[in-house]
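According to the numbering used here, the residues represented by the sequence shown are 238 to 464, in order.
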Amino acid sequence: MAHEKLLTVPAEPYPFEFDPARSALLIIDMQRDFLEPGGFGAMLGNDVGQLRRTIEPNRRLLGAWREAGLLVIHTREGHRPDLADLPPAKQVRGHGAKTIGDDGPMGRILVRGEAGHDIIPELYPKTGEPVIDKPGKGAFFATDLHAILQNRGIDRLVVTGVTTEVCVNTSVREANDRGYDCLVLEDCVGSYFPEFQEMGLKMIKAQGGIFGWVGKSADVIGAIAKK
Ligand code: C5J
Numbered sequence: 238m239a240h241e242k243l244l245t246v247p248a249e250p251y252p253f254e255f256d257p258a259r260s261a262l263l264i265i266d267m268q269r270d271f272l273e274p275g276g277f278g279a280m281l282g283n284d285v286g287q288l289r290r291t292i293e294p295n296r297r298l299l300g301a302w303r304e305a306g307l308l309v310i311h312t313r314e315g316h317r318p319d320l321a322d323l324p325p326a327k328q329v330r331g332h333g334a335k336t337i338g339d340d341g342p343m344g345r346i347l348v349r350g351e352a353g354h355d356i357i358p359e360l361y362p363k364t365g366e367p368v369i370d371k372p373g374k375g376a377f378f379a380t381d382l383h384a385i386l387q388n389r390g391i392d393r394l395v396v397t398g399v400t401t402e403v404c405v406n407t408s409v410r411e412a413n414d415r416g417y418d419c420l421v422l423e424d425c426v427g428s429y430f431p432e433f434q435e436m437g438l439k440m441i442k443a444q445g446g447i448f449g450w451v452g453k454s455a456d457v458i459g460a461i462a463k464k
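Below you can see the structure in the form of structure tokens.
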């Protein structure tokens, strides 16, 4: 391509090359209910500290990505207030005392428009940055993400967010099947379970990068700063 400017960052299983103009930062589900001490995740007994360690690296990366004038896309997992898009199977799964749509510590759980459903203030979207409201774990299922990326000529994704083994992994797998190359940043993704964090990353980069690459935010920040 005539105007392509390829940057290379260290990654596993091998260095990741990307043209910043054709790359997007995809930040998955950095929502208050998953990350904040008073949220739904914490109410279930999860250690939100495992996710909160990703906030500062994400904040630095987001600042650098914005500074470089590149495309940022945010996602939020959640449902319509009338729950018409909530599969009954998802609603009853887990047999917990509370489920999606019930009143939680920060409003109705995983319902659009509620405080807990929104993105944490540290990474809040700026005007013009697309926010994808997704009803499932994957960012492509029942959303316009693929159309937005295609319309902008994007073929590489730098992926961050939570949780590593659930919505990050599902979204990366969906992206891979649609032809995108994904770099997942290990310091910017988090799981409530350390063993799932480790295995979730291993699964992405195994077998020569079967779903994508795993790297570190400092290397991406360094590369785009020099572009
Ligand atoms: C996400 C979840 N975002 N763990 N959701 O991973 O239910």
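Cβ atoms here follow ideal geometry from the backbone N, Cα and C, with glycine treated the same way. Just so you know, these numbers come straight off a predicted model, no measurement behind them.
Review point. Does the Cβ of His332 have 16 or more other Cβ atoms within 10 Å, making it buried, or fewer, making it exposed?
Key: exposed
**Study point:** Bridge-paired residues (DSSP) for Glu254
**Key:** Thr245
Check your understanding: How should Thr400 be labelled, buried or exposed, when 16 other C-beta atoms within 10 angstroms of its C-beta is the threshold for buried?
Key -> Buried: at least 16 other Cβ atoms inside 10 Å.
Exercise for review: Using the Cα positions of Lys442 and Ala248, report the straight-line distance between them to the nearest angstrom.
Suggested key: 9 angstroms
Point to revise | DSSP-derived helix/strand/coil call for Glu314 | key: strand
Check your understanding: Any idea if Lys374 is buried or exposed, counting beta-carbon neighbours within 10 angstroms, 16 or more meaning buried?
Key -> buried
Point to revise | Buried or exposed (CB count within 10 angstroms, at least 16 for buried), Arg269 | key: buried
Point to revise | Proximity below 8 angstroms, CB of Pro257 to CB of Leu244 | key: yes
Exercise for review: Under 8 angstroms Cβ to Cβ from Gly416, same chain only, skipping five residues before and after it: list those, please.
Suggested key: Asp392
Check your understanding: Taking 7 angstroms as the cut-off, does the CB of Glu351 come closer than this to any heavy atom belonging to the ligand C5J?
Key -> no
Review point. For Glu423, which of Pro372, Pro252, Asn295, Met280 has the nearest alpha-carbon?
Key: Asn295
Check your understanding: Does DSSP classify Ser408 as helix, strand or coil?
Key -> Helix.
Point to revise | contact_flag[the region 308-318, the region 359-372] where n(CB pairs < 8 angstroms) is 3 or more | key: yes
Exercise for review: Whole angstroms is fine: what's the gap from Ala239's alpha carbon to Pro325's?
Suggested key: Confidence is the limiting factor: at Ala239 the pLDDT is only 48, short of 50, which leaves the residue's position unreliable and the question unanswerable from this model.
Exercise for review: Could you check the C-alpha separation between Ile357 and Tyr251 for me, to the nearest Å?
Suggested key: A straight-line Cα-Cα distance of about 33 angstroms links Ile357 and Tyr251.
**Study point:** DSSP state of Ile357 mapped onto helix, strand, coil
**Key:** Coil, per DSSP.
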